Every structure is written in structure tokens, then in C-alpha cells.
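Asker: Chains as they are written, first to last, in full-length UniProt numbering: chain A, 1 to 301; chain B, 1 to 301. Glycine residues also receive a C-beta, built at the ideal position from the N, C-alpha and C atoms. Keep in mind it's a predicted model, so treat the numbers as computed, not measured. Take this structure first; my questions come after.
2 protein chains.
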Amino acid sequence: MAQRLSTAEEYEALLEKHDTWLFDCDGVLWKGDHVIEGVTQVLDLLRRRNKKVVFVTNNATKSRKTLLAKFKDLGVQAHVDEVYGSAYTAAVYISTVLALPKHLKVYVIGQSGLEEELHAEGIQTLGGTDPADNTLAPFNLNPESWKPDPDVAAVVCGLDTKVNYTKLSKAFAYAQKEGCHFIATNTDSTYPSSYGLLPGAGSISAPLRYALGKDPVVCGKPSGTMLDVIKAKIHFDPARTIMVGDRLNTDIEFGKHGGLATLLVLTGITAESDITGPNASPTVPDYVVQSLGDLRLADKA
Amino acid sequence: MAQRLSTAEEYEALLEKHDTWLFDCDGVLWKGDHVIEGVTQVLDLLRRRNKKVVFVTNNATKSRKTLLAKFKDLGVQAHVDEVYGSAYTAAVYISTVLALPKHLKVYVIGQSGLEEELHAEGIQTLGGTDPADNTLAPFNLNPESWKPDPDVAAVVCGLDTKVNYTKLSKAFAYAQKEGCHFIATNTDSTYPSSYGLLPGAGSISAPLRYALGKDPVVCGKPSGTMLDVIKAKIHFDPARTIMVGDRLNTDIEFGKHGGLATLLVLTGITAESDITGPNASPTVPDYVVQSLGDLRLADKA
Chain A
1 MAQRLSTAEE YEALLEKHDT WLFDCDGVLW KGDHVIEGVT QVLDLLRRRN
51 KKVVFVTNNA TKSRKTLLAK FKDLGVQAHV DEVYGSAYTA AVYISTVLAL
101 PKHLKVYVIG QSGLEEELHA EGIQTLGGTD PADNTLAPFN LNPESWKPDP
151 DVAAVVCGLD TKVNYTKLSK AFAYAQKEGC HFIATNTDST YPSSYGLLPG
201 AGSISAPLRY ALGKDPVVCG KPSGTMLDVI KAKIHFDPAR TIMVGDRLNT
251 DIEFGKHGGL ATLLVLTGIT AESDITGPNA SPTVPDYVVQ SLGDLRLADK
301 A
Chain B
1 MAQRLSTAEE YEALLEKHDT WLFDCDGVLW KGDHVIEGVT QVLDLLRRRN
51 KKVVFVTNNA TKSRKTLLAK FKDLGVQAHV DEVYGSAYTA AVYISTVLAL
101 PKHLKVYVIG QSGLEEELHA EGIQTLGGTD PADNTLAPFN LNPESWKPDP
151 DVAAVVCGLD TKVNYTKLSK AFAYAQKEGC HFIATNTDST YPSSYGLLPG
201 AGSISAPLRY ALGKDPVVCG KPSGTMLDVI KAKIHFDPAR TIMVGDRLNT
251 DIEFGKHGGL ATLLVLTGIT AESDITGPNA SPTVPDYVVQ SLGDLRLADK
301 A
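Below you can see the structure in the form of C-alpha cells.
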């Protein structure tokens with residue numbers, strides 16, 4: 001059963017126990033374009049106490065630089081090295097874990113942020129924002145109209161609002177090749193836009209998973225790949241690290257898989273009724289607070 | 001174990017036992033643009049013997065009229081009432097089984113053949129070939145840019161080579177509505193083009209299945225919906241009916257679900273190695289012949 005924290009003393013004890021704090025962003029730090037009350041004070045408090053802070057988002061359409069711009073716009077202090085998006089994770093996974101030789105290429109279903117992160121890791125890409133592949137024109141496999149590039153050794157798929165049959169068909173052709181890697185930035189089925197739910201990155205890779213009859217390596221939460229990439233970049237002790245999030249099936253699962261403590265906030269997707277009563281999720285966080293902003297009271301303990 | 005037929009007497013016995021013959025088309029009657037040797041003679045022989053012949057295809061991009069044009073082009077005699085495509089099946093399912101009131105509408109991910117069949121059944125459609133939805137322009141749910149039609153009561157999804165984020169997002173928005181029907185013409189993961197495999201109708205509906213977390217009603221083989229629609233249109237005795245196909249997981253499963261005899265031909269997808277040896281499929285047809293054309297020898301028995 002999750003421990004519900006609500007007093008300054010409880011918040012202070014939580015701070016004492018954890019040196020590294022991993023945060024999901026949307027629904028935790030902000031909602032849409034509004035910072036959640038008290039969040040900037042809590043982050044300031046953590047930094048004053050020499051805690052390490054890390055921001056972990058499944059957003060696959062933005063590079064870390066672009067993600068950082070959102071922090072700045074909202075007045076939330078952050079450094080690019082503290083921000084991990086699933087596009088960046090995919091790029092580091094390909095360059096470091098797969099150690100893809102530099103002459104090989106990646107076919108991309110995804111947007112400019114994903115391309116930027118791949119290019120920053122020295123990875124050559126095809127597809128993505130290439131105008132030739134952003135089309136609703138008919139596609140066929142006639143070698144006179146399309147010659148597959150023999151150097152493509154991986155297909156990476158993120159959220160792509162210009163997804164189309166040409167991209168899906170090319171990605172499918174490449175991914176069927178013996179030894180071709182199949183990578184998804186994340187498997188979120190939907191994403192919450194300002195006006196409601198839209199299909200997410202997991203829905204964009206669903207045609208490939210179905211046509212190929214196989215699952216991709218997943219980079220985003222709850223996959224451990226994201227934590228492996230963070231571990232490769234910064235040092236932290238899992239026993240003194242806590243993951244803060246608003247989603248049980250991504251954030252809290254991610255922390256649990258990684259052997260981290262987990263803190264659920266109720267300012268995002270998860271409601272009180274999802275964690276209590278007969279329909280409660282089997283995923284139980286270690287701690288629950290109403291809002292991350294509440295932790296600013298720790299200073300008063 | 002499947003019975004392998006190879007003599008004139010065996011073919012004749014098969015003809016004697018079955019009054020109604022259901023045929024898959026591609027890989028059975030023809031391959032690409034070539035009629036398989038002997039097939040027109042076999043169809044002529046069946047008609048002379050007063051057998052009922054029915055053509056059953058999962059093709060969801062063509063109306064029955066357009067399908068019929070292919071028969072004519074290849075010199076294979078057929079009547080429009082003998083041809084059942086998954087687009088037609090979806091239309092009849094909506095108009096007859098769901099009995100959708102005429103003032104309600106269907107949102108379509110699919111091509112003109114699917115629209116034609118829906119319109120022929122008096123069903124109003126949105127999406128499909130509407131130029132407004134065949135776009136790679138950004139889409140959002142802001143009610144100032146898109147107002148959902150309150151009369152949409154079903155989403156139907158077939159193969160659509162102009163699939164895009166606007167169509168997927170609108171279909172997703174509609175399909176989430178309480179009571180909205182979710183229908184797929186068929187779930188073929190791929191389809192064999194002249195130059196290789198491309199993503200099939202099942203891959204086009206995969207994003208919706210994943211985002212919604214639910215499966216559609218499926219109209220094409222191996223679903224029983226196709227047979228229900230045929231039953232509603234023609235009379236036949238399942239005990240004296242045989243399904244002829246080249247795919248174990250669609251054609252042969254379809255026949256077995258429906259309590260029909262099943263005949264596998266080896267001129268299409270399924271190879272000898274798929275039905276014999278240690279890796280044989282668990283789906284076992286009643287009979288196997290090398291080619292449908294072989295049955296013309298029955299006349300010599």
C-alpha cells in the first residue's frame with residue numbers, strides 16, 4: 001500500500017532519504033502551459049540541498065534543446081544535461097548500446113526533434129522530415145521507382161504527425177531485412193493535447209509492429225532503456241533515488257523496474273480512484289502526494 | 001491430416017460431394033495478372049454441373065463492380081452477385097446487422113471502393129476520399145478548427161494508402177464516443193503487391209486498435225461476419241459446401257469456422273513445408289491439391 005504524505009515532517013523525511021530526483025514533466029511540473037503551484041520552489045529547495053535533479057519525458061518529437069525551451073518559457077530552471085527525452089534516448093541507444101557503425105543509416109518515422117538527436121550522435125538518417133517521404137502520393141516497391149538503401153540497419157519510430165503510407169512501407173521494407181534493428185521511442189498509446197487525447201507514438205509504430213509481427217526495442221518509460229542511458233551519463237545510487245510521476249503504467253512502472261523509490265502525484269493523469277478502492281491499479285507507488293508543489297513545506301519542518 | 005488429391009477419380013468424388021464452391025481469388029484463380037492454368041476450365045465445369053460458385057476476397061479497396069472488372073480483364077466468368085469483398089461485407093454488416101438508422105453516419109478510413117459499397121447500401125460517410133481529410137497538414141482538436149459530427153455512429157477502417165494523422169485522429173475521436181461501432185474490413189497484416197509485401201488493412205487499423213485498447217468487429221476472412229453476409233444473400237447447405245483458398249490463417253480458418261469443407265491449393269502463399277513436417281501449421285485443411293486447375297481432370301474420370 002502506498003504511503004500518503006501530507007505533513008512537513010513527512011516531506012522532510014522524503015528529502016532526507018533521496019539524493020537523486022527523477023521527474024516526469026507534463027502533469028508533474030506543469031499542465032499544458034501552466035506551472036503547477038509550488039513546483040519551482042520545490043526544485044529550488046532540492047538544488048539548495050545539493051540533490052541531483054533529472055527530467056525524464058517520453059516526448060519524442062522534441063530534442064533536448066527544444067524541451068529546454070519549454071522549461072525556460074515556463075520559468076523552470078533546468079540544464080540540457082538534466083533533460084532526457086525519448087528521442088535523445090533512442091539516439092544514445094543506437095550510438096552507444098547498438099554502437100551502429102558510422103557508415104550505416106537509420107530510417108526514421110518521426111519529426112525534426114528525433115532527427116536532431118540522431119544527428120547530434122553522428123547517426124545518418126533517411127525518411128523523417130525528408131519532403132520526398134512526406135507525401136500522400138502512391139507508393140510501390142517497383143525498383144524503378146524506389147531503390148532501398150543497402151546501408152539502412154535500423155528503423156526508429158516516434159510520434160510523427162506526417163506519418164503516411166510511403167513512410168510505413170519503406171520502414172516495413174527495411175525492418176524485414178535480416179538483422180535490421182526496430183526501435184520505438186516510446187509506446188504511449190495516446191498523448192494529451194490541450195483539447196483532448198490524440199494518437200501517441202505507440203499508435204504510430206503499431207502498423208509496423210502488426211505487419212512485422214514483432215515488438216520494437218522501446219526507449220521511453222517504462223522501458224529500462226531510458227534508465228540505462230541515464231546511468232551511462234550520470235552517477236546515482238538507485239537506493240537513494242526517487243522517480244516522481246503522474247502515470248502508474250509509465251512513470252511508476254519505470255521507477256519500480258529500475259529499483260528506485262516511486263512518488264505518485266495526483267496533478268496529472270492518475271486520479272485518487274485509480275489507486276484506491278476495488279478498481280485500483282496493481283501498480284502501487286511507494287508514496288503519494290497531492291502535488292509536487294506540496295513538498296515545499298519540507299523547508300518548514 | 002489433410003487428404004492429398006491427385007487423380008481424376010479423387011477430383012470427381014470431390015465435385016460429387018459439394019454443391020457450393022467458395023473461392024479465394026488471388027493465389028487461387030490468378031497470380032498477379034495471370035490466370036492459373038486450367039482454372040477457367042474448372043469454373044466452366046462447375047457451372048455445367050450446376051454448382052453454385054462464390055468468390056470471397058478480403059480486398060477492401062475495391063467495390064464488387066471493380067473487382068468484377070478484374071475477372072473480366074482476365075477472362076474469368078463471374079457475376080457481380082457471386083463476388084463478395086470485405087468492403088461490401090462491411091457495408092452489408094452496417095446496413096443489415098447493425099441496421100444503422102439512415103440519418104446516422106460512418107467515418108471512413110479507406111478508399112473509394114469502400115465508400116462506393118457503403119453508399120450503395122444507403123450509408124452516409126465522412127472521411128474516406130474527402131480531400132479535406134487527405135492531407136498532411138497539422139491537426140488538432142480545437143473546436144474552432146474541427147467540430148465532430150454528432151451523427152457519426154461508426155468508424156470503419158480498411159486499407160487506405162492515403163492514411164494520415166488527421167484521419168487517424170478523427171477516427172480515434174469518434175470511436176471513443178459511447179456506443180460508437182468500430183469495424184475493420186479485414187485484418188490482413190500485409191498484402192502481396194507485384195513487387196513484394198506492403199502493409200495491409202490490418203496494419204492501417206492497428207493505430208486505432210492500440211489507441212482505443214479494443215478490437216474492431218472484423219468483416220473479412222477468417223471472421224464469420226463474411227459468411228453471415230453470404231448466408232443472408234444466398235442459400236447453401238454448409239455440409240455440401242467447400243472453401244478453396246491458398247492461405248491457412250484466412251481462407252482455411254474461415255471455412256473451418258463456418259463448418260465448411262476446406263481445400264488448400266499450393267499456387268499461392270502456402271508452401272508444401274507449411275503443411276508437412278515439424279513446423280506444420282496447426283490449421284489442417286480437409287483436402288490439398290497442387291492447383292485448382294488440376295480439378296479439370298475430374299471430367300475425364
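1. Starting from the beta carbon of Gly158(B), find every residue of chain A whose beta carbon is closer than 8 Å, and list them in chain order.
2. What's the gap between the Cα of Asn50(A) and the Cα of Asp19(A)?
3. Which of the residues in the segment 179-212 of chain B, read from start to end, lie with their CB under 9 Å from any CB of chain A?
4. From His257(B) to Ile242(A), what distance separates their C-alpha atoms?
5. Is the Cβ of Asn140(A) closer than 8 Å to any Cβ of chain C?
6. Hey, how far is the Cα of Gly245(A) from the Cα of Pro192(A)?
7. With DSSP as the reference, label Phe172(B) as helix, strand or coil.
8. For the candidate residues Tyr165(A), Asn59(A) and Gln3(A), whose alpha-carbon lies nearest to that of Glu117(A)?
9. Could you please tell me which residues of the segment 46-59 of chain A, in chain order, have their CB closer than 8 Å to any CB of chain B?
10. Whole angstroms is fine: what's the gap from Tyr287(A)'s alpha carbon to Ala211(A)'s?
11. Tell me whether Thr270(B) sits in a helix, a strand or coil according to DSSP, three-state version.
12. Per DSSP, Leu197(B) forms a beta bridge with which residues?
13. For Arg296(B), count neighbouring Cβ atoms within 10 angstroms of its own Cβ and tell me buried if that reaches 16, exposed if not.
14. For Asp294(A) and Leu100(A), what's the separation of their Cα atoms in angstroms?
15. Can you name the residues of chain A whose CB is closer than 7 Å to the CB of Leu68(B)?
16. Name the two residues that bound the continuous alpha helix (DSSP H) containing Leu68(A).
17. Counting only the same chain and skipping the five closest in sequence on each side, list residues whose C-beta sits under 7 Å from that of Asp149(B).
18. DSSP beta-bridge partners for Lys105(B)?
19. Hey, does Ser291(B) have any beta-carbon neighbour from chain A nearer than 8 Å?
20. What is the rounded straight-line gap between the Cα of Phe55(B) and the Cα of Gln176(A)?
21. Going along chain A in order, which residues have a C-beta closer than 8 Å to the C-beta of Asn279(B)?
22. Name the chain B residues whose beta carbon is nearer than 8 Å to that of Asn134(A)?
23. Spell out whether any CB of chain B is found under 8 Å from the CB atom of Asn249(A).
24. Does Met1(A) pass the burial test, meaning 16 or more other C-beta atoms within 10 Å, or should it be called exposed?
25. Relative to chain B, which residues along the segment 107-125 of chain A have a C-beta separation below 9 Å, given in chain order?
26. Would Thr276(B) count as contacting chain A if we go by Cβ distances under 8 Å?
27. Since Lys162(A) meets chain B, which of its residues come closer than 8 Å, beta carbon to beta carbon?
28. Hey, would you say Glu121(A) sits closer than 8 Å to Ser86(A), going by beta carbons?
29. For the alpha helix (DSSP H) holding Leu17(A), just list the boundary residues, first then last.
30. Along chain B, in chain order, which residues have C-beta atoms closer than 9 Å to that of Tyr168(A)?
31. Quick one: which chain B residues come within Cβ less than 9 Å of Phe172(A)?
32. Could you check the C-alpha separation between Lys233(B) and Gly224(B) for me, to the nearest Å?
33. Looking only at DSSP bridge pairs, what is Lys31(A) linked to?
34. Strictly by DSSP, which residues pair up with Met1(A)?
35. With DSSP as the reference, label Thr241(A) as helix, strand or coil.
36. Taking its Cβ as the centre, do 16 or more other Cβ atoms sit within 10 Å of Leu48(B), making it buried, or is it exposed?
Answerer: Reading off the structure:
1. Neighbours of Gly158(B) on chain A: none; closest Cβ ~13 Å, over 8 Å.
2. 8 Å
3. Thr187, Ser189, Thr190, Ser193, Ser194, Tyr195, Gly196, Leu197, Leu198, Pro199, Gly200, Gly202, Ser203, Ile204, Ser205, Ala206, Pro207, Leu208, Arg209, Tyr210, Ala211 and Leu212
4. 52 Å
5. Although the question refers to chain C, the structure presented lacks it and instead comprises the protein chains A and B.
6. 15 Å
7. Looking at Phe172(B) - three-state DSSP - the assignment turns out to be helix.
8. Comparing Cα positions, the closest option is Asn59(A).
9. Here the close residues number zero.
10. 41 Å
11. coil
12. Pro192(B)
13. Around the beta carbon of Arg296(B), 16 or more other beta carbons lie within 10 angstroms, which makes this residue buried.
14. Between the alpha carbons of Asp294(A) and Leu100(A) lies a gap of roughly 45 Å.
15. What Leu68(B) touches in chain A: nothing, since even the nearest Cβ is about 23 Å away.
16. Arg64 to Asp73
17. Lys105 and Leu126
18. Gln124(B) and Val152(B)
19. False, the Cβ-Cβ gap to chain A never drops below 8 Å.
20. Rounded to the nearest angstrom, the two C-alpha atoms are 32 Å apart.
21. Here the premise fails: no neighbours, minimum Cβ distance about 16 Å.
22. Leu136
23. no
24. Around the Cβ of Met1(A), a 10 Å sphere holds fewer than 16 other Cβ atoms; the residue is exposed.
25. From the segment 107-125 of chain A, no residue has a Cβ closer than 9 Å to chain B.
26. So no, Thr276(B) is outside the interface.
27. Leu136, Asn164 and Tyr165
28. no
29. According to the sequence as given, residue 17(A) is Lys; it is not Leu. Ala8 to Lys17 is the extent of the alpha helix (DSSP H) around Lys17(A).
30. The sequence given here has Leu at residue 168(A), not Tyr. What Leu168(A) touches in chain B: Val163, Leu198, Pro199, Ser203 and Ile204.
31. Thr190, Leu197, Leu198, Pro199 and Ser203
32. Gly224(B) has its alpha-carbon roughly 15 Å from the corresponding atom of Lys233(B).
33. His34(A)
34. According to DSSP, which records beta bridges pairwise, Met1(A) is partnered with nothing at all.
35. strand
36. As written in the sequence, residue 48(B) is Arg, which differs from the Leu given in the question. By the Cβ neighbour-count rule, Arg48(B) is exposed, with fewer than 16 other Cβ atoms within 10 Å of its own.
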